[in-house]
Every structure is written in C-alpha cells, then in structure tokens.
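Okay, so here's the structure we're looking at.
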Amino acid sequence: MRTQVVIVGGGPSGLLLSQLLHLRGIESVILERQTRAHVLGRIRAGVLEQGFVRLMAEAGCDRRLQAEGIPHHGTLISQDDTVLRIDFSALTGSSVVVYGQTEVTQDLYAAREAAGGGIEFSVEDVAIHDADRDTPFVTYSRDGSERRIDCDFIAGCDGFHGVSRKTIPDKVRREFEKVYPFGWLGILSETPPVSDELIYANSSHGFALCSMRNPRLSRYYVQCPITDNAADWSDEAFWTALRQRIPAEAAARLETGPSIEKSIAPLRSFVTEPMRWGRLFLCGDAAHIVPPTGAKGLNTAASDVHYLYTGLRQFYEENDAEGIDRYSERALARVWKAERFSWWLTGLLHRFPDQSEFDTRMQRAELDFLAGNEAAQKVLAENYVGLPY
Ligand code: RFL
Ligand code: PHB
Numbered sequence: 010m011r012t013q014v015v016i017v018g019g020g021p022s023g024l025l026l027s028q029l030l031h032l033r034g035i036e037s038v039i040l041e042r043q044t045r046a047h048v049l050g051r052i053r054a055g056v057l058e059q060g061f062v063r064l065m066a067e068a069g070c071d072r073r074l075q076a077e078g079i080p081h082h083g084t085l086i087s088q089d090d091t092v093l094r095i096d097f098s099a100l101t102g103s104s105v106v107v108y109g110q111t112e113v114t115q116d117l118y119a120a121r122e123a124a125g126g127g128i129e130f131s132v133e134d135v136a137i138h139d140a141d142r143d144t145p146f147v148t149y150s151r152d153g154s155e156r157r158i159d160c161d162f163i164a165g166c167d168g169f170h171g172v173s174r175k176t177i178p179d180k181v182r183r184e185f186e187k188v189y190p191f192g193w194l195g196i197l198s199e200t201p202p203v204s205d206e207l208i209y210a211n212s213s214h215g216f217a218l219c220s221m222r223n224p225r226l227s228r229y230y231v232q233c234p235i236t237d238n239a240a241d242w243s244d245e246a247f248w249t250a251l252r253q254r255i256p257a258e259a260a261a262r263l264e265t266g267p268s269i270e271k272s273i274a275p276l277r278s279f280v281t282e283p284m285r286w287g288r289l290f291l292c293g294d295a296a297h298i299v300p301p302t303g304a305k306g307l308n309t310a311a312s313d314v315h316y317l318y319t320g321l322r323q324f325y326e327e328n329d330a331e332g333i334d335r336y337s338e339r340a341l342a343r344v345w346k347a348e349r350f351s352w353w354l355t356g357l358l359h360r361f362p363d364q365s366e367f368d369t370r371m372q373r374a375e376l377d378f379l380a381g382n383e384a385a386q387k388v389l390a391e392n393y394v395g396l397p398y
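Residue numbers (the numbering used here): 10 to 398.
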C-alpha cells in the first residue's frame with residue numbers, strides 16, 4: 010500500500026493533521042495503537058486557545074465547538090483567601106474556550122470517518138524505516154498479519170510513549186527534561202462547577218485547580234505526592250483536600266458528588282530537538298511535554314500541526330520545501346515559550362517538598378506584585394490565551 014503521509018498516532022494531533030491535509034487533497038493514513046473507545050476515554054485537556062479554535066474551523070470541525078464551547082474571558086488565581094482576577098479580554102483582546110479534549114477528538118473522528126479517511130486502530134509493532142532517505146516506509150501488524158505502507162512523509166503524532174521520537178538516532182537527538190516532585194490527582198464529577206471561571210489556587214496545603222467541562226460537569230485537581238495511588242484516594246478525601254486549598258467562599262458553595270473518573274498525572278517539562286529527521290516530523294506530545302498548569306499541551310500540539318500542515322501544503326501545492334525545512338525551527342521557537350510559561354506558573358503555584366519559608370515568601374511576593382502590576386498581568390494573560398502563530 011502507498012499513501013502520501015503516514016501519521017503514527019490517532020490522538021488530537023494526528024487526527025487534526027490528517028483532516029487538514031485531506032481538505033487540501035493530500036492523502037494520509039493514521040495508525041493508532043489503541044481502540045477508538047480507549048482514546049476517547051482519556052480525560053485530558055479542557056482549555057483551547059483561539060489558534061486551536063481557528064484550526065478546528067479550518068478543518069471544518071468546529072460546529073459543536075462553536076455551539077457548546079464556553080468562552081472564558083478571565084481566570085482567577087488565589088493565594089489562600091486572596092483572589093486575583095486576570096482579565097484576558099481587557100488585557101489582550103482575546104479569550105480561551107473551555108471544550109474538552111474528548112469532545113475535540115470525537116469531532117475529529119466523526120469528520121475523518123465521514124470523509125472515508127483511513128484510520129487503522131489496534132495496530133502493533135509500528136516501525137519507521139528509511140526516514141533519512143527519499144523512500145521511507147512504515148511497517149506494523151494488525152490482526153496477526155504484517156503490513157507495510159510506503160509514503161513520502163511520516164508524521165510522528167504518537168505521544169510521549171510513542172515510537173517516532175526514538176526512531177531519531179541518539180547521536181542526532183537531544184532531550185531536555187525536568188521532572189517535578191509531585192503529580193495532579195484529577196476527578197470528574199457530575200456537579201455544577203464551583204465558579205464560572207477557572208480557579209488556580211496556591212495554598213499552604215498545596216496547589217488546586219477548579220475547572221469544568223460544561224455547566225453540569227466539573228473537573229477538579231489537587232497536587233499530590235507522585236508516589237500516591239489514585240485508588241487510595243476516597244472521594245471524601247479528595248473533596249476535603251480541595252476545600253482546604255481554595256478560597257473559603259468558594260469552598261462554602263462547592264457542590265460535591267461521586268467522582269466518575271479519578272487519575273493521577275505526573276508533571277514533567279520535556280523537549281526533544283530537532284523535531285524533524287529526514288522525512289519524519291514529530292508533532293505534539295511526541296516531541297514535548299509541559300506540566301498542565303498553563304493548559305498548553307494540546308494547544309502546543311495544535312501549533313505544531315499548523316506549521317507542519319502549512320509546510321506540507323507548500324511542498325505539494327507549490328513544490329517548495331521551505332516550510333518543511335524550517336518546520337523544526339519554527340515549531341521549537343513557540344514550544345520553548347510554552348515550556349517557559351508552564352514551568353514558571355508551576356513554580357509559582359505549587360508547594361515543593363523542599364520548599365523553604367524563603368521560597369514561600371518569594372511566591373507570595375510574586376503573586377502580590379502580579380496583583381498590583383498590570384504589565385505583569387498582561388504578560389501572564391498573553392501567554393495564557395496563546396502566543397501568535
Ligand atoms: P496523545 O493525545 O498522547 O496521542 C498520541 C496517540 O498516539 C497513540 N500511540 C501510538 N499509535 C501507534 N503506534 C504507537 N507505537 C503508538 N504510541 C502511542 C496513542 O495511543 C495516542 O492515541 O498526543 P497528541 O495527539 O500530541 O496530543 C497531546 C495532548 O493529548 C496533550 O498535550 C494534552 O492532553 C495535555 N493537557 C492539556 N493540554 C492543553 O492544551 N490544555 C489543558 O487544559 C490540558 N490539560 C493535559 C491536561 C494533559 C493531562 N494529562 C493527563 C497528561 C490535563 C491533564 C491531566
Ligand atoms: C482541565 O480542565 O482539565 C484543565 C484546565 C486548565 C489547566 C489544566 C487542565 O491548566
């Protein structure tokens with residue numbers, strides 16, 4: 010079999026890229042290790058930048074996002090009972106949209122399927138061959154039989170644990186990493202969100218985040234030791250921890266209920282360079298990870314897709330390789346800024362195991378400065394709503 014672009018990984022990056030290419034008449038095949046139900050069962054991102062929303066519109070997949078996504082014009086940052094509002098609209102003229110990654114993925118699957126797009130689920134042993142030559146190909150197995158697809162390019166959209174990144178030889182690949190000494194315990198509960206806007210809470214008990222998926226579905230997180238097991242956290246223990254960390258007036262109106270999902274995510278900053286090797290291009294979590302504090306993971310995956318899609322179009326439509334040649338450089342320039350923002354916000358809001366009283370005072374002073382300085386708020390807001398691409 011032959012196609013123009015083999016896309017390894019059917020998460021949001023791979024699906025979005027495939028749909029955008031399809032609308033330009035560029036053929037692709039997606040190879041996904043899991044089943045569709047498994048991919049849709051992962052509860053992840055909730056906050057979309059306008060750049061992401063524009064790409065979904067360009068992909069013809071924004072009908073439900075426009076109808077059901079909730080625009081957020083600001084966010085709340087609390088330090089115990091002191092609350093600061095960052096007004097995105099006033100500070101940047103822009104805003105974000107709350108719409109779950111599950112919904113994004115569902116909309117993209119629906120579009121790919123309506124267009125008869127090739128997605129192979131439950132594939133095993135994906136291997137990328139000859140990416141440094143002009144005739145690359147990908148092998149895999151499915152239902153016990155070995156298969157091969159020849160192609161022009163390979164997009165490695167297979168997340169942090171995928172095979173694409175590791176295909177780049179060690180002598181070419183450089184990796185930069187910071188692992189944080191805590192995780193986020195997250196729950197989903199069928200209760201109304203405690204606040205119309207997200208609350209990022211710094212407290213002496215640790216960080217907490219109040220988010221949502223829709224007016225009847227809340228998403229909450231509390232910082233926890235990375236050694237904890239989600240199954241050992243009862244719902245009651247979770248609600249108690251959350252109440253302790255958010256402002257008292259929010260805690261007083263918090264509606265609790267049974268959790269319908271509960272999991273722990275580790276926090277990591279990670280970048281691999283370069284993001285291109287020959288005819289292989291890495292996209293999204295395959296190339297970089299951010300701690301979720303700045304809501305940048307999915308959004309940075311989307312900016313990679315934008316640069317790669319633009320480069321591939323330029324190649325196929327204008328016979329010009331400039332876009333793909335500069336893909337790694339362009340994507341990384343934006344990735345590092347998202348890394349910096351996520352790292353900074355994580356440091357500002359979490360309790361570190363070795364944190365001294367001095368460190369705590371530094372966090373307080375920075376939050377206090379932020380509260381009184383519009384320029385500092387603007388920097389935060391510009392990064393949160395998303396840097397341009
Ligand atoms: P994904 O979603 O990991 O998809 C990769 C796909 O590749 C498949 N795969 C393979 N397929 C074939 N062969 C192999 N060898 C394969 N290995 C893997 C996998 O099964 C999977 O389907 O990567 P992608 O598409 O790059 O998307 C990235 C996003 O999922 C991720 O950045 C975000 O979820 C991060 N994130 C957030 N991002 C935001 O922009 N805003 C947020 O509010 C936000 N909140 C979050 C988050 C991530 C979280 N967790 C759990 C890590 C909150 C959390 C808790
Ligand atoms: C979420 O709703 O899952 C979410 C929102 C904001 C973040 C991280 C996760 O910074």
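A virtual CB, placed ideally from N, CA and C, is assigned to each residue, including glycine.
The model shown is predicted, which means the values in this text are computed figures rather than measured ones.
Three-state class that DSSP yields for residue i in the structure shown
i, result
"valine 15", "strand"
"phenylalanine 61", "helix"
"arginine 73", "helix"
"proline 301", "helix"
"alanine 385", "helix"
"glycine 165", "strand"
"tyrosine 336", "helix"
"methionine 284", "coil"
"tryptophan 193", "strand"
"tyrosine 209", "strand"
"alanine 46", "helix"
"leucine 321", "helix"
"glutamate 264", "coil"
"valine 314", "helix"
Nearest to residue i (by Cα), restricted to the options the options
i, options, result
"arginine 349", "Glu186, Gly127, Lys175", "Glu186"
"valine 38", "Leu93, Gln28, Ala46", "Gln28"
"glycine 20", "Asn223, Thr114, Ala342", "Thr114"
"lysine 271", "Ala261, Trp248, Gln253", "Trp248"
"leucine 289", "Ala136, Phe279, Ala99, Trp345", "Ala136"
"valine 314", "Arg11, Leu25, Phe378, Leu93", "Leu25"
"proline 256", "Thr302, Asn211, Gly395, Thr265", "Asn211"
"glutamate 77", "Asp368, Lys180, Leu226", "Leu226"
"tryptophan 345", "Met284, Leu32, Ala380, Tyr318", "Met284"
"aspartate 90", "Val280, Ala260, Lys387", "Ala260"
"proline 201", "Pro224, Pro190, Ile128, Leu357", "Pro224"
"leucine 376", "Gln43, Leu32, Ile95, Val48", "Ile95"
"tyrosine 209", "Gln75, Gly287, Thr302", "Thr302"
"isoleucine 52", "Glu112, Ile177, Arg277, Thr176", "Glu112"
"glutamine 110", "Thr144, Asp141, Leu49, Ser154", "Leu49"
"isoleucine 273", "Phe361, Leu307, Asp237, Lys305", "Asp237"
"aspartate 141", "Tyr398, Ala239, Ala384, Pro178", "Pro178"
"serine 150", "Arg335, Phe162, Asp134", "Asp134"
"serine 278", "Arg252, Pro267, Arg335, Lys305", "Lys305"
Nearest-angstrom Cα separation, counted from residue j out to residue i
i, j, result
"leucine 194", "proline 275", "9 Å"
"leucine 85", "valine 14", "42 Å"
"cysteine 70", "alanine 124", "12 Å"
"proline 234", "arginine 63", "37 Å"
"tryptophan 353", "alanine 164", "30 Å"
"threonine 265", "aspartate 167", "36 Å"
"serine 351", "leucine 218", "14 Å"
"glutamate 338", "aspartate 241", "44 Å"
"leucine 73", "alanine 120", "Contrary to the premise, residue 73 reads as arginine rather than leucine in this sequence. If you take the alpha carbons of arginine 73 and alanine 120, they lie about 12 Å apart."
"arginine 228", "threonine 148", "39 Å"
"glutamate 36", "threonine 355", "40 Å"
"glycine 127", "arginine 11", "12 Å"
"cysteine 327", "glutamate 366", "First, the amino acid is wrong: residue 327 is glutamate here, not cysteine. Distance between the alpha carbons of glutamate 327 and glutamate 366: 59 Å."
"alanine 54", "phenylalanine 169", "15 Å"
Within 8 Å, strictly: CB atoms of residue i and residue j
i, j, result
"alanine 310", "glycine 332", "no"
"arginine 174", "alanine 340", "no"
"leucine 40", "valine 172", "no"
"valine 105", "valine 394", "yes"
"alanine 380", "leucine 93", "yes"
"valine 107", "isoleucine 79", "yes"
"arginine 250", "valine 231", "Arginine is not the amino acid found at residue 250; the sequence shown has alanine there. Yes, they are a contact pair."
"leucine 197", "isoleucine 269", "yes"
"arginine 262", "valine 203", "yes"
"phenylalanine 191", "leucine 358", "no"
Bridge partners - residue i, DSSP secondary structure assignment
i, result
"isoleucine 137", "Val147"
"arginine 156", "Tyr149"
"glutamine 232", "Trp193"
"proline 275", "Gly192"
"leucine 40", "Val17, Glu129"
"threonine 84", "Ile95"
"leucine 226", "Asn223"
"valine 105", "His81"
"leucine 218", "Tyr209, Tyr230"
"serine 198", "Ser227, Ser268"
Residue i at chain D interface by Cβ criterion, 8 Å
i, result
"glutamate 375", "In the structure shown, chain D does not exist; there is a single protein chain."
Distance cut-off 7 Å: residue i Cβ against heavy atoms of ligand 4
i, result
"histidine 170", "Ligands present in the displayed structure are limited to ligand 1 and ligand 2, and ligand 4 is not among them."
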